[in-house]
Amino acid sequence: MRVAVDNTHPLAFGLNKEEAAWVEGGEAFDVAQPSVQTPLRYAPRDLLMSGWLLGAGLIQGKAAVALVTRGKGQVILLGFRPQYRGQSYATFPLFFNALYYSAARPRGGSVGP
79 MRVAVDNTHP LAFGLNKEEA AWVEGGEAFD VAQPSVQTPL RYAPRDLLMS
129 GWLLGAGLIQ GKAAVALVTR GKGQVILLGF RPQYRGQSYA TFPLFFNALY
179 YSAARPRGGS VGP
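Using the working numbering, read the sequence shown as starting at 79 and increasing by one per residue.
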């Protein structure tokens with residue numbers, strides 16, 4: 079699937095503005111709160127890059143990755159498996175960025191944009 083990337087966000091560091099993601103039974107997040115950060119979204123059009131897809135209109139433009147503040151912490155929601163079968167070279171950085179980001183500690187400020 080085609081995903082639109084905000085590569086200014088630390089979770090999307092090293093990714094292009096548009097990437098291909100392997101999605102099988104993935105999730106799409108309908109974000110209602112402006113405080114939720116969405117560094118990756120399913121493309122608003124031309125979503126399918128290969129294979130087949132039923133119900134494309136249900137996920138087009140929705141968040142594929144979301145960063146939600148919960149209490150004093152943050153939760154990183156991944157709508158697909160960026161490490162799928164060890165073959166998803168384009169989205170591996172997302173997996174490792176999530177690991178690094180989760181352990182990051184701010185220097186006198188908040189982590190992220």
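We treat Cβ as the ideally placed atom computed from N, Cα and C, and that holds for glycine.
Would you tell me roughly how many angstroms separate the C-alpha atoms of Gly-133 and Gly-104, rounded to the nearest one? One-based indexing of the sequence shown puts residue 133 at position 55. One-based indexing of the sequence shown puts residue 104 at position 26. Cα to Cα, the separation comes out at about 13 Å.
Within 8 Å, do at least three Cβ pairs link the segment 119–129 to the segment 169–184? The segment 119–129 and the segment 169–184 do not touch, with fewer than three beta-carbon pairs separated by less than 8 Å.
Distance CB(Ala-142)-CB(Gly-129) smaller than 8 Å: What you label residue 142 is simply residue 64 of the sequence shown in a count that begins at 1. What you label residue 129 is simply residue 51 of the sequence shown in a count that begins at 1. Not a contact, by the Cβ cut-off of 8 Å.
I need the straight-line Cα distance from Ala-211 to Thr-86, nearest angstrom please. Coverage of the chain is limited to positions 79 through 191, which leaves residue 211 absent and any answer about it impossible.
Use the C-beta contact count for Pro-160: other C-beta atoms within 10 angstroms, 16 or more gives buried, fewer gives exposed. The residue labelled residue 160 in the question sits at position 82 within the sequence shown. Buried, by the Cβ-count rule.
Does DSSP put Arg-123 in a helix, a strand or coil? Taking the first residue of the sequence shown as 1, we reach residue 123 at position 45. Arg-123 carries a coil assignment under DSSP once its states are collapsed to helix, strand and coil.
Rank Lys-140, Asn-175, Val-114 and Ile-137 by C-alpha distance to the C-alpha of Val-146 and give the top, closest one. Mapped onto the sequence shown, residue 146 falls at position 68. In terms of CA proximity to Val-146, Val-114 leads the group Lys-140, Asn-175, Val-114 and Ile-137.
Val-83 classed as buried or exposed, judged by whether at least 16 other C-beta atoms fall within 10 angstroms: Indexing the sequence shown from 1 puts residue 83 at position 5. Result: buried.
Report the partner residues of Glu-97 according to the DSSP bridge assignment. For the purposes of this step, residue 97 is taken as the residue at position 19 of the sequence shown. Bridge partners of Glu-97: Val-81.
C-beta atoms of Leu-89 and Ala-176 nearer than 8 Å: Locating residue 89 in the sequence shown gives position 11, counting from the first residue. Locating residue 176 in the sequence shown gives position 98, counting from the first residue. Yes, they are a contact pair.
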